[in-house]
Amino acid sequence: MSFDLAVWEGERPADDAAAALCFDELYERYIDADGPEVPPTERIAAYVAALLERWPDLTEDEDDTSPWSTGPLIGEASGPVIHFAMRWSMAQEAAVYAAGVASSMGLNCYDPQSQCLLP
């Protein structure tokens, strides 16, 4: 079982409903698209690097301390968005940290399960 978050660049949506629409559009355009892969933007790559400063990438986690459910984490990013999963057992701590990092970098953080923006 895992917990997902989405983080993206752009103006902060007005409310949770607008965030859900924005996430759906970005997911369809960048994550679930059939076209060629789009490399992550510099800001999204910097966001991933900041997360990996706190916890190792799953591909390098020899001590089972990483909260990420997939690796490499940067592989979950496309263009201005990243949608990534965390292990349920570490999701609360990792989600709070991930949302804080996103906020500090001027990025939007969204919880697709509860369909709400995170501060």
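So in this note's numbering, spot 64 of the sequence shown is number 92, and the numbers just go up one at a time.
Beta carbons: idealized from backbone N, C-alpha and C, even for Gly.
All values reported here derive from a predicted model rather than from experimental measurement.
Continuous beta strand (DSSP E) stretch holding residue i: start and end
i: Met-59; result: Note on residue identity: the sequence assigns Ile, not Met, to residue 59. Careful: Ile-59 lies outside any beta strand (DSSP E) and carries neither H nor E.
i: Ile-110; result: 109-115
i: Asp-139; result: 136-139
Short Cβ contact (8 Å threshold) for residue i with residue j
i: Trp-40; j: Met-133; result: Reading the sequence as shown, one finds Arg at residue 40 and not Trp. No, they are not a contact pair.
i: Ala-127; j: Cys-137; result: yes
i: Arg-115; j: Ser-97; result: yes
i: Ile-102; j: Pro-64; result: no
i: Leu-33; j: Asp-139; result: yes
Bounding residues of the alpha helix (DSSP H) (the contiguous stretch that carries residue i)
i: Arg-40; result: From DSSP, Arg-40 is part of no alpha helix (DSSP H); its letter is neither H nor E.
i: Val-124; result: 119-132
i: Leu-80; result: 70-82
Identity of the residues DSSP links to residue i by a beta bridge
i: Asp-32; result: Ala-113
i: Ala-47; result: None, per the DSSP bridge assignment.
i: Leu-145; result: Tyr-138
i: Ser-97; result: DSSP output for Ser-97 lists no bridge partner at all.
Contact belief for residue i with residue j at Cβ below 8 Å, rounded distance in angstroms
i: Val-109; j: Tyr-75; result: Their Cβ separation, rounded to whole angstroms, is 10 Å, which puts Val-109 and Tyr-75 out of contact at 8 Å.
i: Ala-105; j: Phe-31; result: The pair is not a contact, with the Cβ atoms about 18 Å apart (cut-off 8 Å).
i: Pro-100; j: Thr-93; result: Wrong, their Cβ atoms sit about 16 Å apart, outside the cutoff.
i: Glu-37; j: Leu-135; result: 6 Å
Practice task
Take every Cβ of the segment 39-59, pair it with every Cβ of the segment 78-88, and state whether three or more of those distances are shorter than 8 Å.
Solution key: no
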